[in-house]
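What follows is a set of notes on a single structure, which appears directly below.
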Amino acid sequence: MSTTSAAAHLTDEQIEAFGAELDAIRAEVVGSLGEADANYIRTVVRVQRGLEAGGRGMLLFSGFPPAWLAGTAALSVAKILENMELGHNILHGQWDWMRDPEIHSTTWEWDHASPAEFWKKSHNFEHHTFTNVRGKDRDLGYAIMRVTPEQPWKPIYLLQPLYNMGLAAIFEWGIAIYDVELEKVADGTKPWSAAKSQIGAIWRKARKQLAKDYVLFPLLSGPNALSTLAANATANLVRNVWSHAVIFCGHFPDGTETFDESQLDGETRGQWYLRQLLGSANLTGGPTFHIMTGNLSHQIEHHLFPDVPSNHYARIAPRVREICERYGLPYTAGSLPKQYGTVLRKLARLALPGGGPPPQAPQPVAAPRPVAADGIDTVIVRLPASDRRPVRASS
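Structural data, given as structure tokens:
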């Protein structure tokens, strides 16, 4: 693997040692799974369904402003929980070990415009296998935005700060269309018949949701139909904007890196771990915040261990961070406002031709601290070679 700037000081042996430490964490978590974890996810399911039922019940009286506010808030939270902590993580197979026929990646169908099977292909396989690899990970810009200087500039990118806001408002629909891979139809690498079949499947799924949110429940509200329709639209908007912000902050803020496709040649387990780490960023916050993000506030841990139950990410995060510190590797984290601010700044900068970071003088890079046989720590500092030109998408 041709290492990127933040890992240029590591030898192949150190990278594999780094990977072995992460393998040990994963094995420990998987070996500890049990009834407490099953109770956790079943509790989240009950809470989510209770919030949805309560919210929709209050919205039967949505003509009364307090009922509208309370019902819309409850329904918004229910939709966020269903998409983030339930749908996303269940479809990753994080809870398949329970062998529960309801809470299983092969049977769960989420409250989302994109059918589960399409999303599992584009997300679980393409994104998590080829995380941040230019030309392989289609989630780099979702085929419509320029998020790294290595992407060729097009005039349409001048508008990306604006259409990013539109994407946030309709995020679930954007993901559904994205799964169809229309850009491949345009360049002739995918037949229109295949795309047409997928669009049909999306419509069959989406029309049920549209009927539920914009026909059935508004009609059940009788004279409050219009205010209930507005409440349901608001809840969907809140869910879309929230999930867009969380996901973009985990992948595109300053501090994340992208990789050349050649780095996949002969990639080892340790190198794969390293790529997941350098291409991800975390969000800081409390327990409630983490649950509301589907624990994608721990995007680093999720990319390292995508099939490990999300309720363990907060517990193992300090250990992952400590390993990174010992190996002289970055652990990118920040608050939601700070990280989203860097995302918006990057989208604005890369909307223009060029858009790369200004050249910087080489800085000393701290190597990992090896422990000698006598137990005495040694500290080594190496300067990067003068002809090394690391490529980073983040600055």
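Its first residue numbered -4, the sequence shown is counted upward by one per residue in our numbering.
No residue lacks a Cβ here, since even glycine has one placed at the ideal position from N, Cα and C.
Residue i, buried or exposed, once every other Cβ within 10 Å from all chains shown has been counted against 16
i: Ala1; result: buried
i: Arg340; result: exposed
i: Val72; result: buried
i: Ile295; result: buried
i: Ala388; result: Low confidence applies to Ala388: its pLDDT is 38, below 50, so where it sits in the model is not reliable enough to give any reading.
i: Asn78; result: buried
i: Asp249; result: buried
i: Met53; result: buried
i: Glu176; result: buried
i: Ser27; result: exposed
i: Arg94; result: exposed
C-alpha distance - residue i paired with residue j, whole-angstrom precision
i: Arg199; j: Ile165; result: 18 Å
i: Glu262; j: Gln43; result: 40 Å
i: Tyr268; j: Trp105; result: 29 Å
i: Thr67; j: Ser257; result: 48 Å
i: Gly49; j: Lys203; result: 21 Å
i: Gly195; j: Pro110; result: 11 Å
i: Ala181; j: Ala190; result: 11 Å
i: Thr126; j: Asn277; result: 15 Å
i: Leu17; j: Val315; result: 7 Å
i: Phe13; j: Ala201; result: 44 Å
i: Ile75; j: Glu8; result: 42 Å
i: Ala220; j: Leu211; result: 9 Å
i: His123; j: Leu342; result: 23 Å
i: Ile139; j: Phe247; result: 14 Å
i: Ile85; j: Ser100; result: 5 Å
i: Leu55; j: Pro313; result: 45 Å
i: Ala228; j: Ala3; result: 48 Å
i: Leu153; j: Pro213; result: 40 Å
i: Leu331; j: Arg270; result: 23 Å
i: Glu320; j: Thr223; result: 51 Å
i: His107; j: Ala206; result: 13 Å
i: Ala362; j: Gly265; result: Only weak support exists for where Ala362 lies, its pLDDT of 47 falling under 50; the coordinates are left without a value.
i: Ile36; j: Gly169; result: 28 Å
i: Gly130; j: Tyr137; result: 12 Å
i: Ala309; j: Ile10; result: 24 Å
i: Gly217; j: Pro96; result: 37 Å
i: Lys119; j: Gly58; result: The amino acid occupying residue 119 in the given sequence is Asn; Lys does not appear at that position. Each residue's alpha carbon lies about 42 Å from the other.
i: Leu259; j: Thr143; result: 19 Å
i: Thr327; j: Ala69; result: 32 Å
i: Leu215; j: Ala225; result: 14 Å
i: Lys115; j: Ile242; result: 16 Å
i: Thr184; j: Ile197; result: 21 Å
Proximity of residue i and residue j at Cβ, strictly below 8 Å
i: Gly88; j: Trp103; result: no
i: Val338; j: Phe254; result: no
i: Glu167; j: Asn235; result: yes
i: Ala346; j: Arg133; result: no
i: Tyr322; j: Leu46; result: no
i: Pro90; j: Ile98; result: As written in the sequence, residue 90 is Trp, which differs from the Pro given in the question. Against a cut-off of 8 Å, the Cβ pair of Ile98 and Trp90 comes out as a contact.
i: Asp174; j: Ser117; result: yes
i: His239; j: Ala163; result: yes
i: Leu291; j: Gly245; result: yes
i: Gly281; j: Glu252; result: no
i: Pro348; j: Trp148; result: yes
i: Val24; j: Val303; result: yes
i: Glu121; j: Ser305; result: no
i: Arg344; j: Gly350; result: yes
Per DSSP, cross-strand counterpart(s) of residue i
i: Asn277; result: Ala328
i: Phe254; result: Val128
Residue i beta carbon near the ligand MN (any heavy atom closer than 7 Å)
i: Asp174; result: The ligand MN is not part of this structure, which contains no ligands at all.
Interface flag, residue i vs chain C, CB-CB below 8 Å
i: Arg340; result: Among the chains in the structure shown there is no chain C, since it carries only a single protein chain.
Quick one: which unbroken alpha helix (DSSP H) runs of 4-plus residues sit fully inside the stretch 187 to 213? Chain order, please.
187 to 206
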